[in-house]
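Take a look at the structure below.
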Amino acid sequence: MSAADGTVAGLTTVVDSGPSSRRFDVVVTGDGYTSDELPLFAERVAEFCERFFDAPPFDVLRPLVNVHRLDVASADSGADDPLTCEDGSRGSGAAPRTFFDAGFCGGGSRRLLTVDTAAVLAAAGAHVPAYDMVFVQVNTASYGGSGGAVAVFSAHPDAAEIALHEMGHTAFGLADEYPAKAGCDRPDPGHDHHPGPEPDYPNVTLDPAARKWAELVAAGTPLPTMTNPDPSRCDRRPSPAPPGTVGAFEGADYHRGGAYRPEYDCRMRTLGAPFCAVCQREIRRQVLRYAT
Amino acid sequence: MTPPASAGHHAPGAERYIFRYLGDEVWLVDRRLVHTVAPLSAPLVELAGRSGFWCELRDAEGRPVHRQVLRDPRHPAEEVPGRLRQVPRAAPAGVFTVLVPATGGAGELALIQRRATDEAPRDVFTVRVEPPPVEPAP
């Protein structure tokens, strides 16, 4: 990033629920938008807000959430798209000058869209010191995003899901609930059985009796609710229980066996699924600190 | 230390620590007071039987007074979107922040980790937390 690559153009609180010191403060900034394209950024932030507040539990937590749009005008439009990537994909070779240096292939995968995190946090902290979560929406239609200290997502219609999943990690300390580190379609040695000890995250457990979230398990629900008969591979069978059932489903925390998740599916397992009841409980617990 | 980020009539409720990391190495680059409510503490139970990554505030006697469960903020792997999976980062380096309650007294802030292969939780990084300077009476 350099001053020649762009500038912070202004801050607008697009959802103003109260004083920043008493609210969960979300900052959405952008990269790869020229000054002429900032109205487009504003439209996309409005769309993201709809998506955000449609996602339970944020639908009911809205009175405790502020959303700040941090407009950043870049010298050029778009994101770096290297000609070659370690995953074998080919890009356009575009290398626009943008304020946060957004680019694909951040970790050798075309879909990994990363930014200069230090620059993003500095800009967010300078304008919204009490920020709780920072998102960067990058002006490119190609699917991509990434997590870490900030959540990055492109303008592809499905990419906002990446941002919501990454917020689960960054703002609420939620673990991944998927069962394979390298993916179910790739070799994934060493992840047949969770070695322990108990992961100290709210939404995964090694306990088949699921005592970590026992209050949410309905009477009569079998525990464990679903076990993987062959932990050398991902269990792709359908759920034996109705959607929304809280129990103990084997396969979580990057291990196909020995670790359990609360529901068959969750946003921390599959992009596009809603947060499960246990993840929602943790999100509510943290955001409701602003209600006291 | 950076002056308070926002002046006000009430004492700041939280302190943001900003770290840089290179691989497993972590160092503190800034601290700033913030007028907000810090994340709630996790239960202050023994960590002996658990794995994970934590940020912990300790009092002057070394007793934990606040603890947050974090995903390893040194971000050793990137999460590839779509069908979610992890790819190791070739050279993990970057910045992360933690927000903790502002303390009125001496103590320390620790980043703690226990991987599955570790025998016990260990401090990855500690920094002494000094009480705020006392302003002279007018």
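Chains P and V, in that order, give the protein sequences. Numbered per the numbering used here, the first sequence spans residues 129 to 420. Numbered per the numbering used here, the second sequence spans residues -19 to 118. By construction, the Cβ of each residue, glycine as well, lies at the ideal position given by its N, Cα and C atoms. These numbers come from a predicted model, not from an experiment.
- Look at L166(P) here: in three-state DSSP terms it is helix.
- Judged by DSSP secondary structure, E294(P) falls outside any beta strand (DSSP E) and instead within the alpha helix (DSSP H) spanning 288 to 298.
- With its beta carbon less than 9 Å from one in chain P, R12(V) belongs to the interface.
- The beta carbon of G275(P) sits closer than 7 Å to those of E294, H297, T298, all from its chain and outside the five residues before and after it, given in chain order.
- Around the beta carbon of L211(P), a 10 Å sphere encloses fewer than 16 other beta carbons of the protein chains shown; the residue is thus reported as exposed.
- H15(V) sits in coil when the DSSP states are folded into three classes, being neither helix nor strand.
- C-alpha of G375(P) to C-alpha of Q48(V): approximately 25 Å in a straight line.
- One thing to note: E58(V) has its Cβ within 9 Å of the Cβ of R69(V).
- If you draw a straight line from the Cα of P327(P) to the Cα of A203(P), it comes to about 45 Å.
- Nearest Cα to S21(V) within the set E110(V), E36(V), D103(V), V9(V): E36(V).
- In this structure, DSSP gives D10(V) an extended state, which the three-state scheme calls strand.
- Contact annotation: in the stretch 323 to 335 of chain P, residues whose CB is within less than 8 Å of a CB in chain V are P323, G324, P325, E326, P327, D328, Y329, P330.
- At a cut-off of 9 Å between beta-carbon atoms, R69(V) makes contact with chain P.
- Only G272, G273, S274, G275, G276, A277, F281, D286, A287, E289, I290 from the stretch 272 to 290 of chain P bring a Cβ to less than 9 Å from some Cβ of chain V.
- C-alpha of Y329(P) to C-alpha of F227(P): approximately 35 Å in a straight line.
- Taking 4 residues as the minimum length, the alpha helix (DSSP H) runs contained wholly in the stretch 224 to 260 of chain P are 245 to 255, in order along the chain.
- By the neighbour-count definition (other C-beta atoms within 10 Å, threshold 16), A342(P) is an exposed residue.
- Proximity of L50(V) to chain P, defined by a Cβ-Cβ separation below 9 Å, is satisfied.
- Taking C-alpha positions only, L344(P) is separated from A82(V) by approximately 33 Å.
- If only uninterrupted beta strand (DSSP E) runs of at least 3 residues are considered, those enclosed by the stretch 50 to 107 of chain V are 57 to 60, 65 to 68, 73 to 81, 87 to 94.
- A straight line joining the alpha-carbon of H383(P) with that of R94(V) spans about 17 Å.
- W7(V) counts as exposed, since fewer than 16 other beta carbons sit within 10 angstroms of its beta carbon.
- DSSP lists E5(V), A73(V) as the bridge partner or partners of L2(V).
- At a beta-carbon threshold of 8 Å, the residues of chain P lying near R30(V) are P325, E326, P327, D328, ordered along the chain.
- Between the alpha carbons of A279(P) and G273(P) lies a distance of about 7 Å.
- When secondary structure is reduced to three states using DSSP, P368(P) falls in the coil class, being assigned neither helix nor strand.
- Remark: C-beta atoms of Y259(P) and G62(V) do not approach each other more closely than 9 Å.
- For the stretch 374 to 390 of chain P, the residues whose beta carbon sits under 8 Å from a beta carbon of chain V are, in order, Y382.
- In this structure, DSSP gives S282(P) an extended state, which the three-state scheme calls strand.
- For the pair of segments examined, the stretch -4 to 6 of chain V was found to touch the stretch 69 to 78 of chain V: the number of CB pairs separated by less than 8 Å reaches three.
- In summary, G348(P) is exposed, with fewer than 16 beta-carbon neighbours lying within 10 Å of its beta-carbon over all protein chains present.
- Using a Cβ-Cβ cut-off of 9 Å, G62(V) counts as an interface residue toward chain P, since at least one Cβ of chain P sits closer than that to its own.
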